[in-house]
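J.:
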Amino acid sequence: MFIQKAFVALVGVAAAVHALPNGADKAERGVEQYGPVFRRGAEEGGLYRFEIVKEYIAPGDLLARSSAPYYHGSDSDQKITDETIAFFKESGITHVISLNSQANAEDMKTALATAGIAYTPRPVEDFHTLTPEDFQKGWESFVQHRNGTLVWCGYGHGRTGTMVSGLQMQAQHERGESLEWTAGDYGKNHVETPEQEAALDALQQRLRDAPVSAAPAQPSASKPLGPKEMETALCSTSAGQNKYNMEEDECRRQVAQCVFEIVQATNFDPVIACMDKKFLPAATTAAARPIFT
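Take the sequence shown: its letters are residues -19 to -1, 1 to 274, numbered as in mature numbering (1 follows the signal peptide of the UniProt record, and there is no 0).
(1) Per DSSP, what kind of secondary structure is arginine 187 in: helix, strand or coil?
(2) Taking a contact to mean a Cβ-Cβ separation below 8 Å, would you say glycine 129 touches isoleucine 74 in this structure?
(3) For asparagine 85 and tryptophan 120, I'd like the C-alpha separation in whole angstroms.
(4) Output the distance between the C-alpha atoms of glutamine 153 and aspartate 115, rounded to the nearest integer angstrom.
(5) Spell out a yes or no on whether the region 19 to 39 and the region 58 to 76 are touching, meaning 3 or more CB-CB pairs, one atom from each, closer than 8 Å.
(6) Can you grab the Cα-Cα spacing for the pair valine 236 / aspartate 230, in whole Å?
(7) Does DSSP classify arginine 46 as helix, strand or coil?
(8) How big is the Cα-Cα spacing for leucine 184 and valine 172?
(9) On the premise that leucine 131 lies in contact with valine 105, defined as a C-beta separation below 8 Å, what is that separation, rounded to the nearest angstrom?
(10) Taking the C-alpha atoms as reference points, what is the distance between residue 279 and glutamine 186?
(11) Keeping to the same chain, check which residues put their C-beta closer than 8 Å to that of lysine 90; ignore five residues upstream and five downstream.
(12) Per DSSP, what are the beta-bridge partners of tryptophan 133 in this structure?
(13) Which ranges does the beta strand (DSSP E) cover as unbroken runs of at least 3 residues, wholly within the region 23 to 73, from first to last along the chain?
(14) State the Cα-Cα distance for the pair glutamine 83 and histidine 109, rounded to the nearest angstrom.
(15) Does the Cβ-Cβ distance between threonine 143 and alanine 191 come in under 8 Å?
(16) Considering only the beta carbon of each residue, do residue 275 and glycine 135 sit closer than 8 Å?
(17) Going by DSSP in three states, alanine 99 sits in which element: helix, strand or coil?
(18) Roughly how many whole angstroms lie between the Cα atoms of alanine 254 and lysine 35?
(19) Can you tell me which of Cys232, Gln238, Ala214, Leu111 puts its alpha carbon nearest to the alpha carbon of tyrosine 37?
(20) Tell me the DSSP secondary structure of leucine 261 in three-state form.
(21) Which value, in whole angstroms, describes the spacing of the CA atoms of aspartate 182 and lysine 70?
(22) Proline 40: which of Gly97, Arg156, Pro113, His53 sits nearest, CA to CA?
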């Protein structure tokens, strides 16, 4: 893996000097849905291998991963530029968890703080693994900024993949889902060493032994779920049976019925007022009368 990192670093330097004429992929995976502009924006900000993590992450949450900005083979390459911050703003990144061995560098802290980006430095040497405290602090900080967290280390594989796997596990545990992670699952996240896998196995066992009620996370108040996201969070069966043990379509129908019953139990005036304001001329709105008495 060290040779692969060194080779990719050299390719990255060459690409910076000679732009690839056909826009060839720079080993970025999982961001196709955002199109070439989104990928180019990440690379212009020095964030190589940028991707959105969707599996096991709740609707409405945003977790992403990438290299440290401008990484070309050494953790100390990292730097924050105007282009990096511009990409953060454009893509909704409000928080960074850094596992770079130089995560506590003052220039990084200052640049991110000046831009209003929350920062959780958890320095880890390359090819080393995370501690239980790293996993816990990473989860706590993600919960505080779950609508825009980016994880990086250096290259963006081993240490980053270990933290991402840990966050995914804890997100599952938060929802009461069973944990069945294997070495194959770790490999998909680019976890690199046996020690990193062992740390994740230990985390998985701790979560299995802990009651679900012990999970500290609550949905972020800064970005409430929309109606469709709420239905999905309650009813989706993509990761197994939902909490109501219902078919997904029936669950969604029952959610709609509950919403209707809640509105009916109060009154329809707010709904009518909203409709009048949006769709009636101003003069008519002023004279509008309740249609339910």
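C-beta atoms are modelled at their ideal positions from N, C-alpha and C, and glycine is treated no differently.
T.: This is what the structure gives:
(1) Note: arginine 187 maps to helix in three-state DSSP.
(2) Cβ distance < 8 Å, so glycine 129 and isoleucine 74 count as in contact.
(3) Going by the C-alpha atoms only, they are around 19 Å apart.
(4) Aspartate 115 has its alpha-carbon roughly 18 Å from the corresponding atom of glutamine 153.
(5) A contact is defined here as three or more CB-CB pairs under 8 Å, and the region 19 to 39 meets this definition with respect to the region 58 to 76.
(6) Rounded to whole angstroms, valine 236 and aspartate 230 show a C-alpha spacing of 10 Å.
(7) DSSP places arginine 46 in strand when its eight states are reduced to three.
(8) Annotation: leucine 184 to valine 172 spans about 14 Å, alpha carbon to alpha carbon.
(9) Actually they are not in contact, since the Cβ atoms of valine 105 and leucine 131 sit about 16 Å apart, beyond 8 Å.
(10) Coverage of the chain is limited to positions -19 through 274, which leaves residue 279 absent and any answer about it impossible.
(11) If we look at lysine 90 and ignore the five residues flanking it on each side, its Cβ neighbours are Tyr100, Pro102.
(12) Tryptophan 133 is bridged to Ser47, Ser79.
(13) With a minimum length of 3 residues, the continuous beta strand (DSSP E) runs that stay inside the region 23 to 73 are 32 to 34, 44 to 47.
(14) Those two C-alpha atoms are separated by around 14 Å.
(15) Not a contact, by the Cβ cut-off of 8 Å.
(16) For residue 275 there is no data in the structure shown, the boundaries of the chain being -19 and 274.
(17) Alanine 99: strand per DSSP, three-state reduction.
(18) Here the alpha carbon of alanine 254 sits roughly 38 Å from the alpha carbon of lysine 35.
(19) The shortest C-alpha separation from tyrosine 37 is found at Ala214.
(20) Three-state DSSP puts leucine 261 in coil, outside helix and strand.
(21) Taking the straight line from one Cα to the other gives about 35 Å.
(22) Closest option to proline 40, Cα to Cα, is Arg156.
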